[in-house]
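As C-alpha cells, the structure follows; a few thoughts come after it.
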Amino acid sequence: PLYLAHGVTSVRDASGDLPQEVLAWRGEVASGKLLGPTIYSSGPKIEGLKPIWKGTLEVGTEAEVDAALTKLQGLRVDFVKVTDNTLKPDLFLYTLKQAKARGLTTSAHIPAAITVEQASRAGLGSIEHMGYALKMGSPQEAQIAADVAAGRITGAEATARTLATFDEATAIAAYRGLAARGTFVTPTLNGSRITAYLDQDNHAADPYLAYIGPGLKATYAWRVERAAKDDAAAIARRHAIYEKNVSLLPLLQGAGVSILAGTDAGFLNSFNYPGIGLHDELQVFVDGGLTPLQALQASVINGPRFLGKTEHYGAVAAGKTADILILDQNPLADIAATRKIHGIVLKGRYFDRTALDEMLKNAREQVAKGEGA
C-alpha cells in the first residue's frame, strides 16, 4: 500500500532476499487477489558460490549458469539480476552473453575486476548504482580493475584512484558508448545520499518509520553501525563520492544514456522508504542538474523501455494500461509536485485522496500492532 499511496503503480524488483515471495505477490497482484502495484521481478539473482546475499541461484560453472537461466525462464521472470559478491568475472560475462542470446534483459552489479565497458559489451541491460558510471570516468579504469583482480589494491583504494583520476572527457566518451549499446544506468542516488550524510542527519524521528515493520527496520542497523565507525576522513570521502556521483547525471543525460529512476528501498537500505523514496530520487535528479521533464522520463518512459513494455505504458492513450497519477500541481514546473497526489487510476480503477490516506492509515496501524514485516 505504501507504493500505491504514493502514486507508484508499477515497481521493478531487482532481487532482494525474498525472491520467491515477491514472485508469488506478482501473481496475486496480477490476479486481483492482492491490491498493489504491478510487480516486474527478476526472481532470484544469479551469484557465485557461497555468497553473503540471500535469495540467489549459486553458479560455479558455465553449465550451472545455463541451468540457472533455464530456471529463471521457467519462473517467467521479467529480467535477470546478476550480482558480484562471489561470481567469477568470466562467469559474470558469460551470464550476460547467454542471457542476451536467450532474449533476457539483465541488470547487474559489476565485479571490480572487470571494466564497465566489458559488461556493457557483453550485453548488460542496466547498470545498478551510479558508482559504476563513476569508474568509467577514469582513464585508468582498466588498470585499476586489473590491480583489484590481482589483489594489489583494496576497493577503497580503487575508489580513491578513480576519484583522483576522473576526467570528464573520458567519462562522456564512455557514456556515449553505453548509449550506443543501449545500456541503461540506474543511479539509486537517494539511498547513497542517506548513507553519505548519516553523520549530519538524525533519522530517529522520521515520520515514515511508522510504516516500517520491525523486521525491515532491524536491517537498517547494518549501514548505520558501519557509518558510525568512520573517522572524519572517511566521512569526508563519503560526502565527496556522493557529490561526484550526483554531478554525473547531466553528463549521462547529455551523452544520451537512458537513466532509470530506481530507489533500492527496502532490505538493508537504511531510511530509504518504499513509495516516498521514488519522489526523493526524482528530487535528487533535479537537484543534480536534470530538468523535471528528464527526471519524470526516467520513471514513466524509461522504465517501460527497459522492461520492453512500451506498448502498455508511457502515454495516456487507447490500448495502454490505465495506470495514471493525478496531481494537484504541475511537476514540470516543480518536481516536488509529484508529492501533491489528488488520486490514482490503477488498471482503470480510481482511488481518490481519501482512499490513499486510508491505505496509509491501515499500514500505520498494522505496524503499530506488530503485524507489518
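Just so you know, we're using our numbering here: the sequence shown kicks off at -12 and counts up by one.
Heads up, the beta-carbon is just placed ideally off N, CA and C, and yes, glycines get one too.
Residue i Cβ short of 6 Å to the ligand NAP heavy atom set
i: residue 2; result: In the structure on display, the ligand NAP does not appear, and there are no ligands present to speak of.
Whether residue i touches residue j by CB criterion (7 Å)
i: residue 173; j: residue 115; result: yes
i: residue 42; j: residue 6; result: yes
i: residue 176; j: residue 117; result: yes
i: residue -7; j: residue 263; result: yes
i: residue 211; j: residue 257; result: yes
i: residue 235; j: residue 120; result: yes
i: residue 52; j: residue 10; result: no
i: residue -5; j: residue 29; result: no
i: residue 309; j: residue 332; result: yes
i: residue 133; j: residue 102; result: no
i: residue 248; j: residue 260; result: no
Alpha carbon of residue i to alpha carbon of residue j, nearest angstrom
i: residue 322; j: residue 270; result: 6 Å
i: residue 171; j: residue 93; result: 10 Å
i: residue 129; j: residue 209; result: 32 Å
i: residue 112; j: residue 351; result: 37 Å
i: residue 279; j: residue 328; result: 17 Å
i: residue 419; j: residue 265; result: Summary: the structure shown does not reach residue 419, with the chain confined to residues -12 through 360, and so no result is reported for it.
i: residue 203; j: residue 356; result: 15 Å
i: residue 156; j: residue 125; result: 10 Å
i: residue 201; j: residue 353; result: 11 Å
i: residue 307; j: residue 298; result: 7 Å
i: residue 232; j: residue 340; result: 36 Å
i: residue 152; j: residue -11; result: 42 Å
i: residue 225; j: residue 268; result: 18 Å
i: residue 188; j: residue 272; result: 20 Å
i: residue 73; j: residue 244; result: 29 Å
i: residue 169; j: residue 358; result: 43 Å
Secondary structure of residue i, DSSP reduced to three states
i: residue 2; result: coil
i: residue 32; result: strand
i: residue 275; result: coil
i: residue 286; result: helix
i: residue 162; result: helix
i: residue 100; result: coil
i: residue 107; result: helix
i: residue 207; result: coil
i: residue 150; result: helix
i: residue 95; result: strand
i: residue 112; result: coil
i: residue 63; result: coil
i: residue 349; result: helix
i: residue 23; result: coil
i: residue 18; result: helix
i: residue 247; result: coil
i: residue 141; result: coil
i: residue 47; result: coil
i: residue 262; result: coil
For residue i, the first and last residue of its enclosing beta strand (DSSP E)
i: residue 299; result: Per DSSP, residue 299 belongs to no beta strand (DSSP E) and is neither H nor E.
i: residue 68; result: 67 to 69
i: residue 330; result: 328 to 333
i: residue 198; result: Looking at the DSSP string, residue 198 is not in any beta strand (DSSP E), and its letter there is neither H nor E.
i: residue 314; result: 311 to 314
i: residue 358; result: Where residue 358 is concerned, there is no enclosing beta strand (DSSP E), given that its DSSP letter is neither H nor E.
i: residue 172; result: 171 to 173
i: residue 336; result: 336 to 339
For residue i, the first and last residue of its enclosing alpha helix (DSSP H)
i: residue 82; result: 76 to 88
i: residue 233; result: 219 to 234
i: residue 122; result: 118 to 123
Check your understanding: Does the region 76 to 94 come within contact of the region 49 to 68, defined as at least 3 CB pairs closer than 8 Å?
Key -> yes
**Study point:** Contact the region -8 to 0 vs the region 290 to 302: 3+ CB pairs below 8 Å
**Key:** yes
**Study point:** Segment contact flag, the region 301 to 320 with the region 155 to 162, C-beta cutoff 8 Å, min 3 pairs
**Key:** no
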